[in-house]
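**Student:** Handing you this structure, nothing more for now.
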Amino acid sequence: MPSMDEYCVQLKQAVVDYNRDQAVAIAQTIVDQGLDAQKAVFDGLIAGMQVVGKYYEDQYYFVPEMLMCAQALYSALDILKPHMPQTDLGLKGQVVMGVVQGDVHDIGKNIVKLMFEVAGFEVKDLGRDVPLDDFVREQLSSDADMVCLSAMMTTTMTGMREVIRKIKEKNPKCRIMIGGAPVTEELASKWGADGYAPDANNALREAIAMVSSLHEMYQQAQARD
Amino acid sequence: MEETMNARQRVLGLLTRRPVDGPACFSGMGNVTTAGLERLECSFPSVHADAVKMADLAATSFELFGYESAVVPFDLCVEAEALGCAINTYQDVPQLLYPTIRAKAIPRTEDMADFQVAADFLERGRLPVVREALRRLRQGYGDRLAVGSYMLGPFTLAGQLVELDQLFLLSLSDRRLVEELLHKLTAAVIAVGLSYREAGADFLTVREMGAATDILSPRAFQSLIQPCLREVAASLPPPRVLHICGSTDKIVALMAECGFDAISVEPKNNVRASRELVPPETLIFGNLDAFKLLVHGTPAQVTQAVEEALEAGVDAVWPSCDIWPEAKVENLDAMVAATRQRGAELWWRNHGS
Ligand code: B12
């Protein structure tokens, strides 16, 4: 019988090869044998997705391949998740995400979302062509740590400024990150966003930094009380 | 060289590879400007279903700054709407927004196999409006400028009808299903194109913008999309242009193989390298940033970009997507002027090699 390490290698490969059936079968075997589901997620699934991200950056994989890999990952994750202690998912934070009103370009947003989910964020995806007030409402009702806005057009991009203003007015501690091809670092800071990234990998790095600083702030505040 | 032709003669001469007095400054994609809308005193949402306004608005770019073509429609939803999608034209939104698909014609992939193009689809949605606008343009301006129209390529059109993520997944997991849909849509695109030509379009552009290598692999382009585009080119009378925006360096040769008279690319493409890969009989258009340059640039930068595009090897100075409405009129003036002033001299086809 293969060892746990061997299962992880196989699981990782199944994600990279976007072989959903294989990923599901291995995940099931791991669960059936009472092996470490958490290790399978981190050293198998997530390790596989890291390779996929690299392939995408190198233009060896493209959007369809990436989505297929994600599908294999999610299917195996569904099987493994119930066997992991909740806290072990390493939940990094809650994110509200969407493409602003008037804009249906959502391929980029979907990739950013994928990276976030794989890294352990809980993403509330509002979709594309999202009325500006919906972002504000969703942030307030869920008290998400972060709001991510995407726009691919110059006309729709300006809607972000309004969303940022409205959210900051109501909830100044919420972190807002914006992105999409026409967005620049300069615009992001001019409009009062807390973060910007040119692509999905940098977006993830930035998000982790932003949310940890936010959590530190909370902890410091609590320690003072 | 002395200017001896009017805009129409130059554009159509170029497209049919007859001798012309220099490269043209035109495009086969949208050319609405806010200046044009102001001139007609109408709002953007009001033009999409009104043949008279559509035609008048398309002609303003010729009248205001000498753009050498007039092109209708302005959005990418016309065929999709006729095939059953619901669209949003943002009637009540103050900022200028382009129409989008509100509801997909095939919301569930289970229904993809059964999807049929309705026998009377050419009479549905706004297809009759576009044809009427083409007729008006041809009647009103047919002696002076080239009248153009465009359709989406079969794959990009499929992405309007089906949830795009699902289409991507199926392209790898159930290739046959996707091929069958593309086959039906290829026939629909051809039918729309022929009806536009009959209504008065002088040339057609096929916009397969979902197929750039930012999104799809060159192997997917070759195996899934190229066969459809070949069929479209073979079934439409010349002149026809194939446009793909985004990264195209790795697929320009495949684009040329599709059999269009010209291919159109955006500034992400290295035209100098592409000119080597594409046979000389295929024209290359484009390479002028429709947004960064024409909206935010200065007339001097526009002049420089026009000269650089010509030196790199384009055959027409052609903004590589819809002109962005807020483009400054002085930039558009500079684009046309630079083409007229330096075009014949810089054009690679005039340099006997
Ligand atoms: C595919 C495409 C379409 C498809 C969209 C399908 C879909 N569901 O997304 C269709 C055909 C529907 C379409 C329609 C239109 N399009 Co279009 N389209 C494109 C195209 C070719 C590719 C975009 C893409 O998906 N890229 C690949 C992804 C992976 O990259 P990305 O989106 O940049 O995302 C990355 C980063 O930006 C970043 N990121 C993205 N979001 C976020 C968010 C956060 C928070 C962060 C941190 C990072 C981040 O990470 C992502 C991954 O690394 C571009 C051309 C181009 N060169 O980009 C034009 C383009 C975006 N379109 C354009 C235009 C003009 C239109 C239309 C108006 C045309 C028309 N006449 O109607 C319509 C608009 C419809 C509307 N109102 O939304 C223009 C926009 C011009 C401008 N600057 O404003 C472009 C740039 C083409 C051009 N060369 O001019 N389009």
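Sequences listed follow chains A and F, in order.
The first sequence begins at 8 in our numbering and counts up by one.
The second sequence begins at 522 in our numbering and counts up by one.
We treat Cβ as the ideally placed atom computed from N, Cα and C, and that holds for glycine.
(1) Shorter than 7 Å, the distance from the beta carbon of Gly818/F to the closest heavy atom of the ligand B12, or not?
(2) Within 7 Å: the Cβ of Met730/F and any heavy atom of the ligand B12?
(3) Using a threshold of 7 Å, is the CB atom of Ile185/A nearer than that to any non-hydrogen atom of the ligand B12?
(4) Of the residues that make up the region 826-855 of chain F, which ones have a beta carbon closer than 9 Å to any beta carbon in chain A?
(5) Looking at Phe676/F: is its Cβ nearer than 8 Å to the Cβ of Ala732/F?
(6) So, using beta-carbon positions, are Gly55/A and Val31/A closer together than 8 Å?
(7) Show which residues of chain F have a CB atom less than 9 Å away from the CB atom of Met75/A.
(8) Take Val38/A and list the residues in its own chain whose beta-carbon comes closer than 7 Å to its own, dropping the five residues that flank it on each side.
(9) Roughly how many angstroms lie between the CA atoms of Arg656/F and Gly721/F, to the nearest whole one?
(10) Grab me the residues of Thr707/F's own chain with a C-beta within less than 8 Å of its C-beta, minus the 5 sequence neighbours each way, in chain order.
(11) Which same chain residues, not among the five before or five after Arg182/A, have their C-beta less than 8 Å away from its C-beta?
(12) Might you give, ordered along the chain, the residues of its own chain that have their beta carbon closer than 8 Å to the beta carbon of Glu684/F, omitting 5 neighbours on each side?
(13) Where are the alpha helix (DSSP H) runs, 4 residues long or more, that stay fully inside the region 679-707 of chain F, in chain order?
(14) Taking contact to mean at least 3 C-beta pairs separated by less than 8 Å, is the region 548-559 of chain F in contact with the region 844-853 of chain F?
(15) Any heavy atom of the ligand B12 within a distance shorter than 7 Å of the CB on Ile736/F?
(16) Taking the Cβ atom as the reference point for each residue, do Phe724/F and Leu536/F lie within a distance shorter than 8 Å?
(17) Based on Cα-Cα distance, which residue from Val651/F, Leu698/F, Ala580/F, Leu678/F lies nearest to Asp635/F?
(18) Which partner residues does Arg728/F have in the DSSP bridge list?
(19) What do you reckon, is the C-beta of Ser582/F under 7 Å from a heavy atom of the ligand B12?
(20) Quick one, which residues of the region 619-642 of chain F are near chain A if we go by CB-CB under 9 Å, in chain order?
(21) Answer yes or no: do Glu600/F and Ala709/F have a C-beta to C-beta separation smaller than 8 Å?
(22) Nearest to Arg861/F by CA position, among Arg870/F, Gly834/F, Ala833/F, Val827/F, is which residue?
(23) Report yes if the C-beta of Tyr62/A is less than 7 Å from at least one heavy atom of the ligand B12; otherwise report no.
(24) Taking the alpha-carbon positions, what's the Ser567/F to Ala741/F distance?
(25) Could you tell me whether any non-hydrogen atom of the ligand B12 is closer than 7 Å to the CB of Leu272/A?
(26) Would you check whether the ligand B12 has a heavy atom nearer than 7 Å to the C-beta of His931/F?
**Tutor:** Quick look at the numbers:
(1) Within the second sequence, residue 818/F is the residue found at index 297, counting from 1. The answer is no for Gly818/F.
(2) Stepping through the second sequence from its first residue, residue 730/F is reached at position 209. The answer is yes for Met730/F.
(3) Along the first sequence, read from residue 1 onward, the residue named residue 185/A stands at position 178. The answer is yes for Ile185/A.
(4) Trp845, Pro846, Glu847
(5) Indexing the second sequence from 1 puts residue 676/F at position 155. Indexing the second sequence from 1 puts residue 732/F at position 211. At the C-beta level, Phe676/F and Ala732/F come within 8 Å of one another.
(6) On the first sequence, position 48 is the one that residue 55/A refers to. On the first sequence, position 24 is the one that residue 31/A refers to. Taking 8 Å as the Cβ cut-off, Gly55/A and Val31/A do not qualify as a contacting pair.
(7) Counting from one through the first sequence, the residue named residue 75/A turns up at place 68. Taking the beta carbon of Met75/A as reference, the chain F residues within 9 Å of it are Phe689, Leu690, Leu693, Ser694, listed in sequence order.
(8) Taking the first sequence and counting its residues from 1, the one referred to as residue 38/A is at position 31. Closer than 7 Å at the Cβ level, and outside the excluded window around Val38/A, lie Ala44, Ile86, Leu87, His90.
(9) Reading the second sequence from its first residue, position 135 is the one you call residue 656/F. Reading the second sequence from its first residue, position 200 is the one you call residue 721/F. Answer to the nearest angstrom: the Cα atoms are 5 Å apart.
(10) For the purposes of this step, residue 707/F is identified with residue 186 of the second sequence, where counting begins at 1. Here the set comprises Pro675, Cys749, Glu752, Val753.
(11) Stepping through the first sequence from its first residue, residue 182/A is reached at position 175. Here the set comprises Asp152, Met153, Val154, Asp201, Gly202, Met217, Val218, Leu221.
(12) Walking along the second sequence from the start, residue 684/F turns up at place 163. Answer for Glu684/F: Lys625, Pro628, Thr630, listed in chain order.
(13) 685-694
(14) yes
(15) Position 215 of the second sequence holds residue 736/F. Ile736/F: yes, Cβ under 7 Å from the ligand B12.
(16) As a first step, residue 724/F is located in the second sequence; it is residue number 203 there, counting from the start. As a first step, residue 536/F is located in the second sequence; it is residue number 15 there, counting from the start. A contact, by the Cβ cut-off of 8 Å.
(17) Indexing the second sequence from 1 puts residue 635/F at position 114. Of the residues Val651/F, Leu698/F, Ala580/F, Leu678/F, the one whose Cα lies closest to the Cα of Asp635/F is Leu698/F.
(18) Translated into positions along the second sequence, residue 728/F becomes position 207. Partner(s): Leu673/F, His764/F.
(19) Numbered from 1 along the second sequence, position 61 holds the residue referred to as residue 582/F. No; taking the cut-off as 7 Å, the Cβ of Ser582/F has no heavy atom of the ligand B12 nearer than that.
(20) Tyr619, Thr621, Ile622, Arg623
(21) In the second sequence, the residue the question calls residue 600/F occupies position 79. In the second sequence, the residue the question calls residue 709/F occupies position 188. Yes, these two residues count as a Cβ contact at 8 Å.
(22) Numbered from 1 along the second sequence, position 340 holds the residue referred to as residue 861/F. For the residues Arg870/F, Gly834/F, Ala833/F, Val827/F, the minimum Cα distance to Arg861/F belongs to Val827/F.
(23) Numbered from 1 along the first sequence, position 55 holds the residue referred to as residue 62/A. Answer for Tyr62/A: no, Cβ out of range of the ligand B12.
(24) Looking up residue 567/F in the second sequence gives position 46. Looking up residue 741/F in the second sequence gives position 220. Those two C-alpha atoms are separated by around 39 Å.
(25) Because chain A in this structure spans residues 8 to 232, residue 272/A falls outside the shown range and cannot be described.
(26) Because residue 931/F is not part of the residues shown, which for chain F are 522 to 874, the question remains open.
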